[in-house]
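Per UniProt numbering, the very first residue in the sequence shown carries number 1; after that it's consecutive.
Where is the CB? At the ideal position from N, CA and C, for every residue including glycine.
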Amino acid sequence: MNSLYQKERKELRSYKIKKDGLLIEWQIDGRFKSFIMPFEKIGFNKIITSKEINPFELGLFISVFFNLMLVLLLLSDWLVKLTNDEIITSTLGMGISAGLTVWAIGLFKRKKELTLEGIEKLFFLYDKKHEDEVDKFVESLRSKQREYIRKRYMKIDDLNNKENQEYTFRWLFESEFISRDELELMLNELENRKIIKGS
């Protein structure tokens with residue numbers, strides 16, 4: 001699985017695994033953002049967060065709901081007498097109901113998000129609808145990152161000094177891109193090259 005698309009209301013997220021990183025495209029409220037995150041900056045420390053209902057917002061919603069209904073009841077007789085038409089009251093009631101419905105949908109919508117922490121953070125929608133798809137994509141991303149990092153950094157470069165290469169190999173081991181045996185093999189090969197060259 002090399003790509004993932006997520007859509008929630010006005011938010012569209014697109015993730016595509018490329019040869020040297022992850023292409024991320026976000027579109028939120030008409031704004032568009034696109035960038036490539038290098039594999040070196042991606043980590044896999046998972047944090048799952050969920051948005052719960054804020055008690056203050058809930059209280060405000062209930063208060064506004066009852067106040068608007070009370071105002072509508074108080075003004076309905078006056079509006080009918082003023083215009084001799086009950087359609088105004090119905091129209092006003094429908095407008096208030098529509099506004100409160102939109103507010104309620106946003107208020108009671110629970111949102112669950114998966115964050116992958118590394119040098120940079122990655123965010124994925126992680127509710128029941130997206131969970132399996134995101135898990136498969138994250139595993140594919142981890143596999144592609146491992147292949148890329150091993151191919152790029154698991155080699156001895158004669159132009160690079162020994163200390164930097166030792167540091168790189170230890171980083172590969174600590175980041176679990178190579179095993180202990182592979183680390184020892186790379187360090188021994190590096191030491192043997194140093195002895196052969198006489199430096």
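Less than 6 Å between C-beta atoms, sequence neighbours within five positions excluded: which residues of the same chain meet that for S14?
Locating residue 14 in the sequence shown gives position 14, counting from the first residue. Cβ within range, chain order: Y5, E25.
Simplified DSSP assignment, three categories, for N45:
Counting from one through the sequence shown, the residue named residue 45 turns up at place 45. Looking at N45 - three-state DSSP - the assignment turns out to be strand.
Using a threshold of 8 Å, state whether the C-beta atoms of L100 and L72 are closer than that.
Along the sequence shown, one-based indexing puts residue 100 at 100. Along the sequence shown, one-based indexing puts residue 72 at 72. Going by C-beta atoms, L100 is not nearer than 8 Å to L72.
Where does F53 land, buried or exposed, given buried means 16+ other C-beta within 10 angstroms?
Taking the first residue of the sequence shown as 1, we reach residue 53 at position 53. Phe is not the amino acid found at residue 53; the sequence shown has Ile there. I53 comes out exposed.
Could you have a look at M37 and say whether DSSP puts it in helix, strand or coil?
Start at 1 with the first residue of the sequence shown, and residue 37 comes out as number 37. Strand.
Counted within 10 angstroms of its Cβ, other Cβ atoms place M186 as buried (16 or more) or exposed
Your numbering for residue 186 matches position 186 in the sequence shown. Per the 10 Å Cβ criterion, buried.
Mind checking F32: buried by the 16 CB within 10 Å criterion, or exposed?
Mapped onto the sequence shown, residue 32 falls at position 32. Counting the other CB atoms within 10 Å of its CB gives F32 a total below 16, which places it among the exposed residues.
Span of the alpha helix (DSSP H), counted from its first residue to its last, around Y15:
On the sequence shown, position 15 is the one that residue 15 refers to. Segment 11-17 is the beta strand (DSSP E) holding Y15; no alpha helix (DSSP H) there.
If you follow the alpha helix (DSSP H) that G59 is part of, which residue opens it and which one closes it?
By one-based count along the sequence shown, residue 59 stands at place 59. Here the alpha helix (DSSP H) through G59 covers 55-83.
Any contact of the stretch 66-83 with the stretch 135-154, i.e. 3+ C-beta pairs under 8 Å?
no
CB F61 to CB A98, shorter than 8 Å?
Indexing the sequence shown from 1 puts residue 61 at position 61. Indexing the sequence shown from 1 puts residue 98 at position 98. No, the pair does not count as a contact, with Cβ atoms beyond the cut-off.
Please state whether the Cβ-Cβ distance between T89 and L82 is less than 8 Å.
By 1-based counting over the sequence shown, the position of residue 89 is 89. By 1-based counting over the sequence shown, the position of residue 82 is 82. Not in contact: T89 and L82 (Cβ atoms no closer than 8 Å).
Going by other Cβ atoms of all chains shown within 10 Å of its Cβ, with 16 needed for buried, is V102 buried or exposed?
Working through the sequence shown from its first residue, we reach residue 102 at position 102. Classification for V102: exposed.
List the DSSP bridge partners of Q6.
Position 6 of the sequence shown, counting from 1, holds the residue named residue 6. The partner list for Q6 (beta bridge, DSSP) reads R13.
Relative to the C-alpha of I47, which candidate in S63, G59, Y126 has its C-alpha closest?
Along the sequence shown, read from residue 1 onward, the residue named residue 47 stands at position 47. Nearest C-alpha to I47: Y126.
Looking at the strands, I want to know which residues DSSP matches up with S50.
Within the sequence shown, the letter at position 50 stands for residue 50. Looking at the DSSP assignment, S50 forms a beta bridge with K112.
Beta-carbon within less than 7 Å of E57's beta-carbon, same chain only, minus the 5 sequence neighbours each way: which residues are those?
Residue mapping note: residue 57 aligns to position 57 of the sequence shown, counting from 1. Cβ within range, chain order: L107.
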